[in-house]
Amino acid sequence: MKHFLLLFLLVSSLTALAQKEANIWYFGEYAGLDFNRGEVTVLKNGKTNTQEGTTSVADKNGNLLFYSDGITVWNKNHTPMPNGFGLTGHKSAIQSVIAVPKPGSATLYYLFTVDAIENDLSNGLRYSVLDMSLQNGLGDITATKNVLLEAPVTEKLTVVRHTNNKDFWILVHKWNSYEFSSYLLTSLGVNTKPVISKTSFYHGGEMLNAIGFLKASVDGKKLALAVRGSNRFELFNFDAKTGLLSNGIVSPEIYVNALGVEFSPDGKKLYGAVATSRQIFQFDLTASKTQIFSSGFVIGNSVDVLCGLQLAPDGRIYATRRYSNYLGVIQNPNQTGTASNFVDDGLYLGSGKYVWFSLPNFLPQYLQIQPIIESFDFTNTCEGDSTLFTIENILSNHEYVWNFGDLKSGASNLSTKLKPAHKFTNPGQYLVKLTVKAESEWYSIEKKITIYGRPLLYLGADTTLCKDEKLMLGKSIGNVSYKWQDNSTQATYEVTKSGKYWVEIINENGCSYTDTIEVKYRENSCQPIIPNIITPNGDGLNETFSIKGAPNKKWQIKIFNRWGNLVYQNPNYENEWNAGQQPDGVYYYVLHDLTSQQTLKGYVEVMK
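Mind the numbering: the sequence shown is residues -18 to -1, 1 to 590 in mature numbering (1 follows the signal peptide of the UniProt record, and there is no 0), read in order.
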């Protein structure tokens, strides 16, 4: 029996909750946002004055640590760090900088920077190390500063977490090349020998082809980018274990000045921002490979030039409008088409606060709704079932612990499987708790579920009847439905011939019970043999009034003395009457068979 029930839902720390390291944004001309209070609020204390890329980092509680435009690094007090000047990013590089925590360290961050076409991309990909233990906890750039990894590369820069959930891949695209470079950052530092992925798509020639965003889905399995000069989008699979890209596809070159890309939180939609047409397109990533880009649908138009797209901790996607103090907002990016609800004047940044092309560049995993579990489902909730539990959106690299609230089941009460099955000890209510570890935080969700008892109907043991006997199976039970072997639906069933008979009964909760009986018939009628005398004298012979020859009869008996007084009765007689303390004499019996409704009368003499 399959049964689905949602009775009670308790959510702990789970409503659209992302990691808090990306909760503070500083960008553009003195603009800022704070996502720590549930609803986004505008910040007015930022010091950035840039047209394009920034990064901003908070601690796990959402407290600002530092931010940068790829040239200067400001501490949480909005003061430039002593050595936080002269990084080799560029105010016109669309993804100028990104900050990555060093694996295994609580205080070290790597700031990766790329150059802009205005500088011929000459500074390439470089990194500097920031130590938050310096300057009494305000942090500073160490002597490891502007270390060259590769040049030239385009203005594209993103990071994906390794499948080991510790290390990171830093991804760039070579200039005048078909190749991506994936650099691995581990607890030992940056591996300066990148993993190279050669694609079918060339990035070179006109300098505008170096412009356009590169983004990863929050699960790290896909990469998308825009190539402004060629008016196209590209999409790839990414293997976060090896650092390799594969299965690249490209859109038609019809998106004039394509710039922004971003994935929906559930990874099923890709959004592309096109500057010239001032439109945002939605692409269906669940479509076949050949149909993804042909599925493009305009979900929004702007009064300004649209540039960048950035997923936020609140699950929305924010869009930059060139030199505007408004951000566009895709309110429901997991929804299809216009249901995604693009609002052009979605968020006012405040007087004197402007954005150009870019919003802060983050690790996509910081923006992963943790753990994107609004609920879990379960089926098979009848007594004796193995109840199956499923999660709609399973995230990789997370730990899952189920507690079924069934202490009597012992060790089986806990499971770390993604899709566990549990057989509950008894019918009743249970509080099932799913706990998920994402990063270093635990999140939990609970549901009360009911395990329902099954109805019971026993047809009896297999039996043999005498010719012409009838057997009535079943009985009426409230609030159940019946289905017999011939599809009849009555509460009882009369047997008149040999065969196997079964019934399934189902109660109002959908729980069922089935029983089967095999009935055979003798070739001849079975007439009972009833004695007319018994001798209960203790010699072991003829001691009781025993009825023989009709094994399937269910006799009720009444015995009277010669004056008509009832001296014995039994609703289920089993040949045990021996007259007891009654004197010798003649006694009269009435036998009634409950099955066949046969009634027999006669007498028996008692001689002790």
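No residue lacks a Cβ here, since even glycine has one placed at the ideal position from N, Cα and C.
Compute the beta-carbon to beta-carbon distance between residue i and residue j, rounded to the nearest angstrom, for a pair I have assumed lies under 8 angstroms.
i           : j           : result
residue 494 : residue 473 : Residue 494 to residue 473, Cβ: 15 angstroms. No contact.
residue 227 : residue 205 : 6 angstroms
residue 283 : residue 304 : Rounded, the Cβ-Cβ distance is 15 angstroms, inconsistent with contact.
residue 338 : residue 34  : 6 angstroms
residue 536 : residue 498 : Not quite, the Cβ-Cβ distance comes to about 21 angstroms (not below 8 angstroms), so this is no contact.
residue 75  : residue 96  : 5 angstroms
residue 373 : residue 319 : That belief does not hold up - the Cβ atoms of residue 373 and residue 319 are roughly 26 angstroms apart, past 8 angstroms.
residue 275 : residue 312 : Between residue 312 and residue 275 the Cβ distance is about 19 angstroms, and since that is not below 8 angstroms, they are no contact.
residue 181 : residue 162 : 7 angstroms
residue 80  : residue 343 : 4 angstroms
residue 82  : residue 152 : 7 angstroms
residue 58  : residue 120 : 7 angstroms
Determine, using beta carbons only, whether residue i comes closer than 7 angstroms to chain C.
i           : result
residue 440 : Of the protein chains in the structure, only one exists, and it is not chain C.
For a quick check, are the C-beta atoms of residue i and residue j less than 7 angstroms apart?
i           : j           : result
residue 106 : residue 129 : no
residue 17  : residue 295 : yes
residue 310 : residue 328 : yes
residue 370 : residue 393 : no
residue 480 : residue 502 : yes
residue 598 : residue 368 : Because the chain spans -18 through 590 in this model, residue 598 falls outside it and cannot be assessed.
residue 196 : residue 210 : no
residue 440 : residue 455 : no
residue 71  : residue 86  : no
residue 69  : residue 110 : yes
residue 246 : residue 314 : no
residue 240 : residue 263 : no
residue 25  : residue 10  : no
residue 177 : residue 242 : no
residue 138 : residue 207 : yes
residue 266 : residue 277 : yes
residue 308 : residue 330 : yes
Rounded to the nearest angstrom, what separates residue i and residue j at their Cα positions?
i           : j           : result
residue 298 : residue 4   : 13 angstroms
residue 496 : residue 401 : 28 angstroms
residue 427 : residue 380 : 15 angstroms
residue 519 : residue 444 : 37 angstroms
residue 236 : residue 395 : 57 angstroms
residue 244 : residue 408 : 49 angstroms
residue 448 : residue 504 : 5 angstroms
residue 90  : residue 212 : 38 angstroms
residue 482 : residue 249 : 55 angstroms
residue 65  : residue 419 : 37 angstroms
residue 193 : residue 349 : 24 angstroms
residue 221 : residue 188 : 30 angstroms
residue 436 : residue 468 : 22 angstroms
residue 270 : residue 217 : 13 angstroms
residue 6   : residue 234 : 36 angstroms
residue 471 : residue 485 : 9 angstroms
residue 413 : residue 145 : 33 angstroms
residue 175 : residue 364 : 58 angstroms
residue 387 : residue 366 : 16 angstroms
residue 333 : residue 8   : 15 angstroms
residue 253 : residue 77  : 17 angstroms
residue 159 : residue 186 : 6 angstroms
Could you pull out every residue in the same chain whose Cβ sits closer than 7 angstroms to the Cβ of residue i, ignoring the five residues on either side in sequence?
i           : result
residue 544 : 567 and 568
residue -6  : Residue placement at residue -6 is flagged as unreliable, the pLDDT there being 36, under the threshold of 50; the coordinate-derived value follows with that caveat. For residue -6, where only same-chain residues beyond five positions count, the Cβ hits under 7 angstroms are 425.
residue -10 : Because the pLDDT of residue -10 is 33, which lies under 50, any placement of that residue in the model is unreliable, and the number read from its coordinates should be weighed accordingly. Only 357 and 429 meet the Cβ criterion.
residue 67  : 54
residue 321 : 314
Give me, in chain order, the residues of the same chain whose beta-carbon lies closer than 6 angstroms to that of residue i; leave out the 5 immediate sequence neighbours on both sides.
i           : result
residue 564 : 549
residue 574 : 538 and 581
residue 198 : 140, 142, 205 and 346
residue 525 : 518 and 560
residue 514 : 586
residue 223 : 145
residue 642 : Summary: the structure shown does not reach residue 642, with the chain confined to residues -18 through 590, and so no result is reported for it.
residue 94  : 80, 109 and 152
residue 29  : 56 and 60
residue -16 : Confidence at residue -16 is low in this model, with a pLDDT of 36, below 50, so the placement of that residue should be treated as unreliable; the coordinate-derived value is given next. If we look at residue -16 and ignore the five residues flanking it on each side, its Cβ neighbours are 363 and 492.
Just reading off the beta strand (DSSP E) that residue i is part of, what are its end residues?
i           : result
residue 283 : 279 to 283
residue 568 : 567 to 575
residue 14  : 13 to 16
residue 208 : 204 to 209
residue 512 : Counting along the chain, residue 512 falls outside any beta strand (DSSP E), and DSSP gives it neither H nor E.
residue 463 : 462 to 466
residue 454 : 453 to 456
residue 83  : 79 to 83
residue 292 : 288 to 293
Under 8 angstroms Cβ to Cβ from residue i, same chain only, skipping five residues before and after it: list those, please.
i           : result
residue 531 : 508, 509, 510 and 511
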